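Let me begin by presenting the structure, written as structure tokens, before commenting on it.
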Amino acid sequence: MLRRKVLALATVTLLGVTLVPATQAQAAGSADWGACPASPPDIDPRQQCAALSLPLDYRKPAGRKITVTISRIAATDPALRRGILLLNPGGPGGSGLDLPTYLSQSLPAEVLARYDLIGFDPRGVGASTPITCGLDPATPVDLILPYPAPDGSIDRNVAFARSTARACAQQAGDLLPYLTTPNTARDMDRIRAALGERKLSYLGYSYGSYLGAVYTSLFPARSDRIILDSGVDPKLIWTRIWEQFGPATALRFPDFAKWAAARNDEYGLGATPAAVTRTYFKTAETLDRDPIVTPDLTITGNFFRELTRGALYDDRNFPTLAADWQTLNAGAVTSLEVPFDNGAAALWAIACGDITWTNNISSYARRSAESRRHYPITAGMPPNIWPCAFWEYRPTEPPVAVTDKGPRNVLIMQNLRDPATGWASGRGLRRALGNRAAFISQDAGGHGVYGIRAGTCATEIGTAFLVNGTLPARDRLCAGPTPDDVTMLSAVPTFRTGPLGINLGG
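What the sequence shown shows, in mature numbering (1 follows the signal peptide of the UniProt record, and there is no 0), is residues -27 to -1, 1 to 479, in sequence order.
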């Protein structure tokens, strides 16, 4: 069976369930810890939650309030405790409420002894005041992620973008102007204050790297030790970040092709990487011509393309991906899970609220066609049109300038073959932060390094930074993880939350 997974670090969607009603949420000066809302059964019993009442609009701090729900697993050694480690899984639109549970199973004991792990659902997401665009559960994934038609036409994408922008304005209009990265960073500072901390340390993945960079730029004096993992180049938000999916996926795909070729006796996808690659294009083209109809939706070539792209976020997805290819080639699909409206709505709200997107349809068509020629694996999706082109609200403020002004307290970690935020994007974040940051590259594929899929070298560097404040004197290249390292991290759900926050896999 194929399954659609959304925001894969969370194993259950919270869909607007809050710990307490927003009118009862705690003021930002305190946190009243209690049971967590609607958590999956594998949540650590130590994890507690609280709801904070925060300003919707920080220009009017006494005005309308929203709820931001946070979670905590306390430091294991009170005698060694040095503060909080705030966590974000990415997205935009990723739920981070259960991250303390998952990362408590993979972060080194020295880190767990010293930090309270703090998760949160960002404004607009899950157990915080959520938004909706009224997305039809049957919406094909190749509209949420704008894959062109098999002939390259983007007409269907344009129509979907236009209607979705209108629906978002109707369903969540009064919230949309305030669901931005700078406001989420301000929420983070209110979380710090509510927990009585002078400073916060931070570990953010993917979009979370940009969020952390914005936080430490807005509040450099309140930033302690900041790890930005799988970096987003702040100069490329957001259209050019998505555009990087093309080259980044093309660089990553050979890892899977080589893996599958070595297991051709088991999966039958091709005896060489080139043969596996041919199987990919043949399967996509076959499904373009003759989609598989299931009770839930129609599986097209674009569905298959996104199934594959999303699975490339983590090597541990490879066996399931190979089995899914077999299933599709055999036409034996039985069912699929439905899309996640809140995650998509929050994604659009943040991406559309942070910057102004062009509404020049011909420019999207031209860039999509160019990407399709150069990077056929992603078929022209990365630079294609989003609802942001027709968004009914202009950004309320310009993007925060991420610069080298501030203390040297940032560690950037980046896989060489990241299919979402490619190495060049991480390097762009390093350039923006200048001498504030050290940059660690890891010779590996996938999305996420520290606490997700780190080798000994990257783990030791990240841990020394969080425990002792030690940063490498110069940028470094680390070897990738060994099979033993991957086994150590096996308790962590496969990391698939990229900038889109919506990925497919088994």
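Using N, Cα and C, we set each Cβ at its ideal position, and we do this for glycine too. These numbers were taken from a predicted model, which means no experiment stands behind them.
(1) CB-CB under 6 angstroms to GLY219, same chain, minus the five flanking residues each way: which ones, in chain order?
(2) For ASP448 versus ALA411, is the C-beta spacing smaller than 8 angstroms?
(3) Who are the Cβ neighbours of PRO(-7) in its own chain at under 6 angstroms, not counting the five residues just before and after it?
(4) Can you give the Cα-Cα distance for ARG289 and PRO392, rounded to whole angstroms?
(5) Please tell me whether ILE214 and ASP202 are closer than 8 angstroms, where the distance is taken between their beta carbons.
(6) Please list the segments of the beta strand (DSSP E) lying wholly inside the stretch 132 to 209, counting only runs of 3 or more residues, in order along the chain.
(7) Measure the alpha-carbon distance for PRO123 versus ALA284 and round it to whole angstroms.
(8) Spatial neighbours of THR74 within its chain, please: CB distance less than 6 angstroms, with the 5 preceding and 5 following residues excluded, ordered by chain position.
(9) So, are the CB atoms of ILE104 and ILE43 less than 8 angstroms apart?
(10) Among ASP50, PHE276, ARG367, which one has its Cα closest to the Cα of ASP147?
(11) Using the Cβ count rule (16 or more neighbours within 10 Å means buried), how would you classify THR273?
(12) Cα-Cα, which of LEU450, ALA446, CYS451, LEU439 is closest to ARG54?
(13) Going by CA-CA distance only, name the one from GLY421, ASP89, GLN78, LEU224 that's closest to LEU173.
(14) Enumerate, from N- to C-terminal direction, the unbroken alpha helix (DSSP H) stretches of 4 or more residues contained entirely within the stretch 68 to 105.
(15) Give the C-beta separation of ASP115 and ASN275 to the nearest angstrom, bearing in mind that I take them to be a contact with Cβ-Cβ under 8 angstroms.
(16) Can at least three beta-carbon pairs, one atom from the stretch 399 to 406 and one from the stretch 420 to 438, be found at a separation below 8 angstroms?
(17) Can you give me the start and stop residues for the beta strand (DSSP E) that ASN61 sits inside?
(18) Inspect the CB distances between the stretch 432 to 446 and the stretch 238 to 258 and report whether three or more fall short of 8 angstroms.
(19) Tell me whether ASN408 is buried or exposed, calling it buried when 16 or more other Cβ atoms sit within 10 Å of its Cβ.
(20) What are the boundary residues of the beta strand (DSSP E) that includes GLN299?
(21) Excluding the five sequence neighbours on either side, which residues of its own chain have a C-beta within less than 6 angstroms of the C-beta of TYR151, listed in chain order?
(22) Give the DSSP bridge partners of VAL41, in chain order.
(23) Mind checking who ASN388 pairs with in its DSSP beta bridge?
(24) Going along the chain, which residues of its own chain have a beta-carbon closer than 7 angstroms to the beta-carbon of ASP261, five neighbours each way excluded?
(25) If you follow the alpha helix (DSSP H) that CYS9 is in, where does it begin and where does it stop?
(26) Whole angstroms is fine: what's the gap from ALA35's alpha carbon to ARG282's?
(27) Where does ASN333 land, buried or exposed, given buried means 16+ other C-beta within 10 angstroms?
(28) With DSSP as the reference, label LEU450 as helix, strand or coil.
(29) Report yes if the C-beta distance between THR256 and PHE277 is below 8 angstroms; otherwise report no.
(30) With a CB to CB cut of under 7 angstroms and the five nearest residues on each side skipped, what residues in its chain are close to ASP327?
(31) For ALA136 and VAL41, what's the separation of their Cα atoms in angstroms?
(32) Thinking C-alpha only, which one of TYR188, ILE358, ILE413, ARG339 is nearest LYS378?
(33) By DSSP, does ALA352 sit in helix, in strand, or in coil?
(34) Between which two residues does the alpha helix (DSSP H) holding VAL440 run?
(35) Give me the Cβ distance between LEU70 and ALA100, rounded to the nearest whole Å; I'm assuming they're in contact under 8 angstroms.
(36) Count the other C-beta atoms from every protein chain shown that fall within 10 angstroms of the C-beta of GLY304, then say buried if there are 16 or more, exposed otherwise.
Short version:
(1) Here residue 219 refers to the residue found at position 246 when the sequence shown is read from its first residue. Within the same chain, GLY219 has close Cβ partners SER344, TYR348, THR351, PRO355.
(2) Indexing the sequence shown from 1 puts residue 448 at position 475. Indexing the sequence shown from 1 puts residue 411 at position 438. Judged by beta-carbon spacing, ALA411 lies within the 8 angstroms limit of ASP448, meaning their Cβ atoms are closer than that value.
(3) Position 21 of the sequence shown, counting from 1, holds the residue named residue -7. Confidence at PRO(-7) is low in this model, with a pLDDT of 31, below 50, so its placement is unreliable and no value can be given for it.
(4) As a first step, residue 289 must be located in the sequence shown, where it is residue number 316. As a first step, residue 392 must be located in the sequence shown, where it is residue number 419. Distance from the CA atom of ARG289 to the CA atom of PRO392, rounded to whole angstroms, is 14 angstroms.
(5) Taking the first residue of the sequence shown as position 1, residue 214 is located at position 241. Taking the first residue of the sequence shown as position 1, residue 202 is located at position 229. With respect to the 8 angstroms criterion, ILE214 and ASP202 are not classified as neighbours on the basis of their beta carbons.
(6) Runs found: 173 to 178, 196 to 202.
(7) Your numbering for residue 123 matches position 150 in the sequence shown. Your numbering for residue 284 matches position 311 in the sequence shown. If you take the alpha carbons of PRO123 and ALA284, they lie about 22 angstroms apart.
(8) Locating residue 74 in the sequence shown gives position 101, where the first residue counts as 1. Only ILE16, ASP17, GLN20 meet the Cβ criterion.
(9) On the sequence shown, position 131 is the one that residue 104 refers to. On the sequence shown, position 70 is the one that residue 43 refers to. Contact flag unset, no.
(10) As a working note, residue 147 is residue 174 in the sequence shown. Measuring from the Cα of ASP147, the nearest candidate turns out to be ARG367.
(11) Numbered from 1 along the sequence shown, position 300 holds the residue referred to as residue 273. Buried: at least 16 other Cβ atoms inside 10 Å.
(12) Taking the sequence shown and counting its residues from 1, one reaches residue 54 at position 81. For ARG54, the closest alpha carbon among the candidates LEU450, ALA446, CYS451, LEU439 is that of LEU439.
(13) Locating residue 173 in the sequence shown gives position 200, counting from the first residue. Checked all of GLY421, ASP89, GLN78, LEU224; the closest Cα to LEU173 is ASP89.
(14) As far as the stretch 68 to 105 is concerned, its whole alpha helix (DSSP H) runs of at least 4 residues are 72 to 76, 82 to 87.
(15) The residue labelled residue 115 in the question sits at position 142 within the sequence shown. The residue labelled residue 275 in the question sits at position 302 within the sequence shown. Contact holds; Cβ gap of about 3 angstroms.
(16) Result no; under three Cβ-Cβ pairs closer than 8 angstroms.
(17) One-based indexing of the sequence shown puts residue 61 at position 88. ASN61 -> beta strand (DSSP E) spans 56 to 61.
(18) Fewer than three Cβ pairs drawn from the stretch 432 to 446 and the stretch 238 to 258 lie within less than 8 angstroms of each other, which leaves the two stretches out of contact.
(19) For the purposes of this step, residue 408 is identified with residue 435 of the sequence shown, where counting begins at 1. For ASN408, the number of other beta carbons within 10 angstroms of its own is below 16, and it is reported as exposed.
(20) In the sequence shown, counting from the first residue as 1, residue 299 sits at position 326. Run containing GLN299: none in the beta strand (DSSP E); it sits in the alpha helix (DSSP H), 291 to 303.
(21) The residue you call residue 151 lines up with position 178 of the sequence shown. Scanning its chain for C-beta atoms nearer than 6 angstroms, with the 5 sequence neighbours on each side dropped, one finds around TYR151 the residues LEU29, ASP30, in chain order.
(22) In the sequence shown, residue 41 corresponds to position 68, counting from 1. The bridge partners DSSP lists for VAL41 are LEU25.
(23) The residue given as residue 388 occupies position 415 in the sequence shown. Under the DSSP definition of a beta bridge, ASN388 partners with GLN415.
(24) By one-based count along the sequence shown, residue 261 stands at place 288. Excluding sequence neighbours, ASP261 sits near PRO123, THR273, GLY274.
(25) The residue you call residue 9 lines up with position 36 of the sequence shown. Where CYS9 is concerned, there is no enclosing alpha helix (DSSP H), given that its DSSP letter is neither H nor E.
(26) Reading the sequence shown from its first residue, position 62 is the one you call residue 35. Reading the sequence shown from its first residue, position 309 is the one you call residue 282. Each residue's Cα considered, the two are about 44 angstroms apart.
(27) Reading the sequence shown from its first residue, position 360 is the one you call residue 333. By the 10 Å Cβ count, ASN333 comes out exposed.
(28) In the sequence shown, the residue the question calls residue 450 occupies position 477. For LEU450, the secondary structure class from DSSP, reduced to helix, strand or coil, is strand.
(29) Numbered from its first residue, the sequence shown carries residue 256 at position 283. Numbered from its first residue, the sequence shown carries residue 277 at position 304. A contact, by the Cβ cut-off of 8 angstroms.
(30) Locating residue 327 in the sequence shown gives position 354, counting from the first residue. Contacts found: THR153, THR154, ILE210, TRP211, PRO368, PRO372.
(31) Taking the first residue of the sequence shown as position 1, residue 136 is located at position 163. Taking the first residue of the sequence shown as position 1, residue 41 is located at position 68. It is Ser, not Ala, that sits at residue 136 in the sequence shown. In this structure, the CA atom of SER136 is about 29 angstroms from the CA atom of VAL41.
(32) Walking along the sequence shown from the start, residue 378 turns up at place 405. For the set TYR188, ILE358, ILE413, ARG339, the Cα lying nearest the Cα of LYS378 is the one of TYR188.
(33) Here residue 352 is taken as the residue at index 379 of the sequence shown, counted from 1. It is coil, neither helix nor strand.
(34) One-based indexing of the sequence shown puts residue 440 at position 467. For VAL440, the enclosing alpha helix (DSSP H) stretches over residues 429 to 441.
(35) Numbered from its first residue, the sequence shown carries residue 70 at position 97. Numbered from its first residue, the sequence shown carries residue 100 at position 127. About 6 angstroms separates the two Cβ atoms, so the contact holds.
(36) Within the sequence shown, residue 304 is the residue found at index 331, counting from 1. Sixteen is the threshold: since fewer than 16 other Cβ atoms of the shown chains lie within 10 Å of the Cβ of GLY304, the residue is exposed.
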